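In the working numbering, the protein residues as written are 40 to 481.
Virtual Cβ for every residue (Gly too), placed ideally from N, Cα, C.
Computed from a predicted model, the values in this text were never measured in an experiment.
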């Protein structure tokens, strides 16, 4: 409600009455009431009266505030704005009403902590308040920043007065960008199984803050970064590792590519890719075979002989489908068929049982069996063997020689024994009977 006060008129050049022309005469006339100078128009006049021959009226207070918001003229703010930039604002507040206002202040939808030189404004007075706004990444993505301010005050009677809102839109330029530099220790040769450690330097080369920084590498895993939020111009260091494979050894090097990624609001920013190369020792496949057998005792015909094969990967590359081939033994099985460099599985294989061969008849007329032959093996393991026949001829057979337990060995020994027996019998026929009796074996 308007505040009404008596206004005694001292006009002498006009006769006031309760007619329209008299009220019209008040328009834009200046009067002083209790030392307060004001300008009133027709809307302020509520009623006109004639009191004891003097013209008077009743009038109303019309409080009013005006606000003008602008970038501080004293600051050198480059335009367009960029994210992270601080903008100093000035708020010019004017009491354009006809009454003093108290508790005058300014509010801003983006700025807090606005300060004013005072809080009381007489009618017609002006004061300038100040505040600072920091441009955000969202403003950069929007391409501009728009904010609104209001001035507030209170009349002596407790009525709240607000100024019309004042809004300003300022353009914001933004350039979101990331850069990545990738490096590795390339001063040495790597082998299969070695770990390569990569270092990634990520820099925010744009003018907007980026969050959620990861590094993506097509080979390395477990990449960690010291920081995941970067202000414009800031950098962070990330590390990751990669294990050299057989495929890398076949190529002779490891070359992998990485890039960094960041977020600004709903916008994703990626850096240009960067690569690094390290050299790898090329494949040198090699195998070593060691064959062994228990030779601590003699074997008989038909006994099973167990051979042990130790296969070692002495190269620098993984080998698969590892098998052992023996010219006498079949069904050799290994503990593993894939060997990494330096690994050596074992294989144990018993030889198949063989049926014992019959002993030749001891007859002077029995023909000697034809000799048998067996193929030789590049890596053959033999077991020393002595038959009964060879033990009987121990004086003529060398103990240093060794033979593999086969039917051929027994047959040859038996044949030699039979020939010796036949020769002694033939010699006995031509000698006297008593000499024959002495020389004939019992």
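In or out: residue i buried (at least 16 other Cβ within 10 Å) or exposed?
i, result
"residue 141", "exposed"
"residue 263", "exposed"
"residue 364", "exposed"
"residue 74", "Unreliable positioning characterises residue 74 in this predicted model, as indicated by a pLDDT of 41, which lies under 50. The coordinate reading is nonetheless provided below. With fewer than 16 Cβ atoms within 10 Å of its Cβ, residue 74 is classed as exposed."
"residue 148", "exposed"
"residue 188", "buried"
"residue 204", "exposed"
"residue 324", "exposed"
"residue 303", "buried"
"residue 356", "buried"
"residue 190", "buried"
"residue 156", "exposed"
"residue 150", "buried"
"residue 305", "exposed"
"residue 248", "buried"
"residue 256", "buried"
"residue 366", "exposed"
"residue 138", "buried"
"residue 291", "exposed"
"residue 289", "exposed"
"residue 493", "Only positions 40 to 481 of the chain appear in this structure, which leaves residue 493 out of reach."
Got a sec? Which residues, its chain only, sit under 7 Å from residue i by beta carbon, not counting five neighbours each side?
i, result
"residue 244", "216, 217, 218"
"residue 294", "314, 316"
"residue 175", "122"
"residue 274", "240, 241, 242"
"residue 287", "293, 319"
Could you have a look at residue i and say whether DSSP puts it in helix, strand or coil?
i, result
"residue 71", "Low local confidence applies: a pLDDT of 40 at residue 71 is under 50, so the model's placement there is unreliable, and no value is given."
"residue 160", "strand"
"residue 383", "coil"
"residue 287", "helix"
"residue 210", "strand"
"residue 266", "coil"
"residue 180", "helix"
"residue 313", "strand"
"residue 128", "strand"
"residue 351", "strand"
"residue 325", "coil"
"residue 296", "strand"
"residue 229", "strand"
"residue 168", "strand"
"residue 201", "strand"
"residue 340", "coil"
"residue 138", "coil"
"residue 192", "strand"
"residue 114", "coil"
"residue 304", "coil"
"residue 223", "strand"
"residue 123", "coil"
"residue 261", "strand"
"residue 155", "coil"
"residue 244", "coil"
"residue 280", "strand"
"residue 104", "strand"
"residue 218", "strand"
"residue 109", "strand"
"residue 332", "strand"
"residue 369", "coil"
Closest by CA to residue i, which one among the options?
i, options, result
"residue 153", "297, 130, 102", "130"
"residue 235", "253, 222, 268, 241", "222"
"residue 322", "306, 373, 284", "284"
"residue 113", "137, 169, 186", "169"
"residue 381", "362, 306, 358", "358"
"residue 361", "378, 370, 369", "378"
"residue 109", "101, 167, 308", "167"
"residue 206", "184, 173, 376", "184"
"residue 369", "375, 376, 344, 268", "344"
"residue 250", "202, 258, 256, 270", "270"
"residue 202", "133, 111, 376", "133"
"residue 276", "308, 307, 254, 259", "254"
"residue 252", "307, 230, 282", "307"
Please return the same chain residues whose Cβ sits closer than 6 Å to the Cβ of residue i, not counting the five positions on each side in sequence.
i, result
"residue 171", "125, 127"
"residue 135", "103, 105"
"residue 144", "191"
"residue 353", "325, 327"
Below 8 Å CB to CB, which residues in the same chain sit around residue i once its five sequence neighbours on both sides are set aside?
i, result
"residue 228", "318, 319, 320"
"residue 278", "236, 237, 238, 239, 262, 263"
State yes or no: is the C-beta of residue i nearer than 8 Å to some heavy atom of the ligand FAD?
i, result
"residue 261", "The ligand FAD is absent from the structure shown, which contains no ligand whatsoever."
Does the structure place the stretch 211-221 close enough to the stretch 116-125 that three or more beta carbon pairs sit under 8 Å? yes
Do the stretch 158-166 and the stretch 196-209 touch if we need at least three Cβ pairs shorter than 8 Å? no
Using a Cβ distance threshold of 8 Å, determine whether the stretch 347-364 contacts the stretch 327-338, with at least three qualifying pairs required. Under the three-pair Cβ rule at 8 Å, the stretch 347-364 counts as touching the stretch 327-338.
Is the stretch 330-342 in contact with the stretch 298-309, if contact means three or more CB pairs nearer than 8 Å? no
At least three beta-carbon pairs within less than 8 Å, the stretch 303-313 to the stretch 261-278: no
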